[in-house]
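Just below is one structure, and these are the notes that go with it.
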Amino acid sequence: MGRAFHLARFELKRYFADRADLAFGIALPIVLFAVMTGALGEDAGFRATMHVADLDGGSIAHRILERVEDSEVITVRRYTRDELADALGRTAILTGFVIPPGFSASIDSGIPASIIVEQRGSGGSEGQIVAGAVREASHEAVSAIELRRAVGALTSDSAGDERLDEAVQQLLAEVHIRPLVEVVTEPMHVPEASELDRLLAGIIVMFLLFSATLSARALIAERRSGTLERLVTTQLSPGELFIGKFLAGVGRATVQSFLLLGLAFAVLGVAGPLAFLQCLILALVVAATVTSVGLVVAALARTDEQAAISAVLVTMVMSMFGGTFFPTTGAGWLEVLSRFSLNTYAVDAFMGLFSGTGHLPDQGPELAVLSGVAIAGLAIARTMFRVSSSPLQS
Amino acid sequence: METYLQAEALAKHFDGVAAVEDVSFVIHTKEIFGLLGPNGAGKTTTIRMLSTILAPDSGDVRIGGHSAVREGDEVRKRIGVCPQELALYPELSAFDNLVFFGRMNGLPGRAAKARARALLAETGLDDRGGEAVKKYSGGMKRRVNIAIALMNRPKLLFLDEPTVGIDPQSRNKIFETVLGLRDEGTTVLYTTHYMEEADRLCDRIGIMDRGRIIAVGTPAELKRQVGDPGKTTLEEVFLRLTGRSLRD
Ligand SMILES: Nc1ncnc2c1ncn2[C@@H]1O[C@H](COP(=O)(O)OP(=O)(O)OP(=O)(O)O)[C@@H](O)[C@H]1O
Ligand SMILES: [Mg+2]
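What follows is the structure in structure tokens.
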């Protein structure tokens, strides 16, 4: 068994020596991520946008928004109530602000009112920055009103200095405890996992599968170059050879998914550390599955072209029907087809964890299917595995 | 004289076409045995059967007292194979290639590294052993190809055309290595298309044609079959026995 581990280590070394492989398996999905989040997610750069539905339209609301915009790093974008809900639903934005009707009037009459923040998950770092800016702008905007109220209280009540001080102290304390404008965060209830989550999971699984099946070409190359034949004349047994290749594939896919998942969690703030840990365990299962599919391709393909075409075909078909680009649930025949794609199970399981509410044990059926495919693939590949492409090899 | 390898009526067909037919010969312990023959004669196919890569259709091979067909594991402990085509991992260094195959042959890590360093020095590659093999010249690659086969100190070494396409310096380095190995007690099976090379190196020679062994003997014995051994070259023997028509 030591030889199998050593073989796996050696394979990994070869993998990391191959820059084209690295670029394809790791750099390309990262670029895709970046493009996707640029298109679907938050705006990039140091500028931030306050997505707001101003249902009040009053003078105080107007003043607050003006102050936010004065900060120069934040742009105010206005929505109707429905547009805002829709944008949040599509994950086009992660944080939206609602100024409720009657907001200005309420404050004018001294009754505290709230600006409501609707956010997905943590709302993203941009949302948090904007919420802070809105909070500050609100206090600035209403401080004048507070002052006017205080002065009003003074002029209507011609009492002595003591009463005056007392009234001011009382007012300040009141403002401190219950500011006139409160920015209240309301976490959104998300019924469906978002499109971004789907794409993230889909892209990760697609690239794992693509890399694993394309690595079949490396094995074909080894057959052709004679290194595989050479290995047969060493004391490495065919079983060890097979296990070594399998371990190397799993190791490689695990490194790949660790990097891609790490990026998704760190940069996009997909979910918390617990979800990340569970995703890594899931990634290990997915790695075993895609590796054994790759080994089946390597065992069956005779030529480089056959291996390349099989890899592209398997990956594209599985990804297409596996909910990578569009959901397949409730889509009739598409949903039936999707049950034959292992990407479906992997993507579903990842999305469950990405939403931050799922737990790995809840993905039991998906895990069972993935493990089943891994074991079946391994068995098939093991029986079909040939060292040489000549038909009469022992 | 002790027999180290004995091939008995080996046969191999590819898609119904015979590549090797009824091949029997022996190689004695500590001798360099040359296997000569035109292109397609069946030399490589024979070596692949002797080295447990291919199962023969019929016949058997005994190496060091073990059957290559039934006791592959025992045979693999005793052999080293240098294939006709370069079988290397080009993106890795010669050192890494050597250590890897050493470990696959059961050498512990430290021993594999020590052996790899010794062989790099032996084959004149020590100063560039850390470079990726793909940057090597043809001669250097050939030397690495041979060195890999020596990692496990084989009792029987198969060298399938080890000197193709290299300069006289590299070739002489390889001759020295092979002769040194024989002196240390290694048995060698050597194939080549260079007749003067076979004449110089080999203790005995088998000539193969169309899948069969058509003559076996020392270079002098073979020459005597054709004419005066003092005046005849091995090339003349070869052409007389195998004819002048092209094979491929
Ligand atoms: N894997 C294979 N599939 C089909 N035919 C094969 C295979 N390997 C060898 N042959 C055929 O068997 C015959 C013997 O080939 P082999 O490689 O053993 O010859 P050789 O003596 O080594 O030739 P060369 O000097 O060119 O290396 C040839 O006709 C070759 O085409
Ligand atoms: Mg040959």
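Line by line, the protein sequences are chains A and B.
Counted the way my numbering counts, the first sequence spans residues 1 to 394.
Counted the way my numbering counts, the second sequence spans residues 395 to 642.
Every residue gets a Cβ at the ideal spot worked out from N, C-alpha and C, and that includes glycine.
The model shown is predicted, which means the values in this text are computed figures rather than measured ones.
Between R198 of chain A and G89 of chain A, the CB-CB gap reaches or exceeds 9 Å.
Burial is judged here by how many other beta carbons sit within 10 angstroms of a residue's own beta carbon; D603 of chain B has at least 16 and is buried. In terms of side-chain proximity, the C-beta atom of T585 of chain B is found nearer than 8 Å to a non-hydrogen atom of ligand 2. Using a Cβ-Cβ cut-off of 9 Å, D490 of chain B counts as an interface residue toward chain A, since at least one Cβ of chain A sits closer than that to its own. Cβ-Cβ separation between L370 of chain A and T289 of chain A: approximately 5 Å, consistent with a contact (criterion under 8 Å). Taking 9 Å as the threshold, the shortest C-beta distance from G533 of chain B to chain A does not fall below it. Taking 8 Å as the cut-off, one finds no heavy atom of ligand 1 near enough to the beta carbon of K625 of chain B. The DSSP assignment places complete alpha helix (DSSP H) segments of no fewer than 4 residues inside the segment 220 to 263 of chain A at 227 to 232, in order along the chain.
Judged by DSSP in its simplified three-state form, M206 of chain A adopts helix. Sequence-distant Cβ neighbours of A543 of chain B in its own chain, meaning closer than 7 Å and more than five residues away, are G474, V475, C476 and L551. A266 of chain A and E126 of chain A have their C-alpha atoms spaced approximately 14 Å apart. Counting only runs that start and end inside the segment 519 to 568 of chain B, the alpha helix (DSSP H) elements of at least 4 residues fall at 532 to 544. DSSP places E425 of chain B in the coil class of the three-state scheme, outside both helix and strand. By the 16-neighbour rule on beta-carbons within 10 angstroms, K617 of chain B is buried.
A residue is called buried when at least 16 other Cβ atoms come within 10 angstroms of its Cβ; L274 of chain A does not meet this threshold and is exposed. CA-CA distance, A346 of chain A to T303 of chain A, rounds to 29 Å. Separation of the CB atoms of E229 of chain A and T91 of chain A is rounded to 53 Å, and the pair is thereby denied contact status at 8 Å. Contacts with chain B at 9 Å (Cβ-Cβ) do not include F24 of chain A. With respect to chain B, the C-beta atom of T383 of chain A has no partner C-beta closer than 9 Å. A Cβ-Cβ separation of about 11 Å leaves I203 of chain A out of contact with L261 of chain A under the 8 Å criterion. Boundaries of the beta strand (DSSP E) harbouring I607 of chain B: R606 to G611, taken from the DSSP string. Runs of alpha helix (DSSP H) with 4 or more residues, each lying fully within the segment 342 to 384 of chain A, are found at 342 to 354 and 364 to 384, listed in chain order. The C-beta separation of V582 of chain B from F427 of chain B comes to about 7 Å, placing the pair in contact by the 8 Å criterion. Chain A places no beta carbon closer than 9 Å to that of S452 of chain B, leaving this residue out of the contacts. Interface flag for M498 of chain B against chain A is set, since a Cβ pair is found closer than 9 Å. Within the segment 434 to 446 of chain B, contact with chain A at the beta-carbon level (separation under 7 Å) is assigned to S445 and T446.
DSSP, read as helix, strand or coil, puts K13 of chain A in helix. Relative to ligand 2, K437 of chain B has its C-beta within less than 8 Å of a heavy atom. Leaving aside the five residues that flank R63 of chain A on each side, the residues in its chain whose CB is nearer than 6 Å to its CB run, in chain order, A141. Residue burial is scored here from C-beta neighbours: P29 of chain A has at least 16 other C-beta atoms within 10 angstroms and is therefore classed as buried. At a Cβ-Cβ threshold of 9 Å, A609 of chain B and L635 of chain B count as neighbours. DSSP places S487 of chain B within a strand segment (E or B) once states are collapsed to three.
Excluding sequence positions up to five before and after E591 of chain B, its CB lies within less than 7 Å of the CB of T557, all in the same chain and listed in chain order. Within the same chain, Cβ atoms closer than 8 Å to the Cβ of L575 of chain B are found at L544, L551 and V582, the five residues on either side in sequence being excluded.
Here R594 of chain B is exposed. Its C-beta has fewer than 16 other C-beta atoms within 10 Å. When DSSP states are grouped into helix, strand and coil, I30 of chain A belongs to the helix group.
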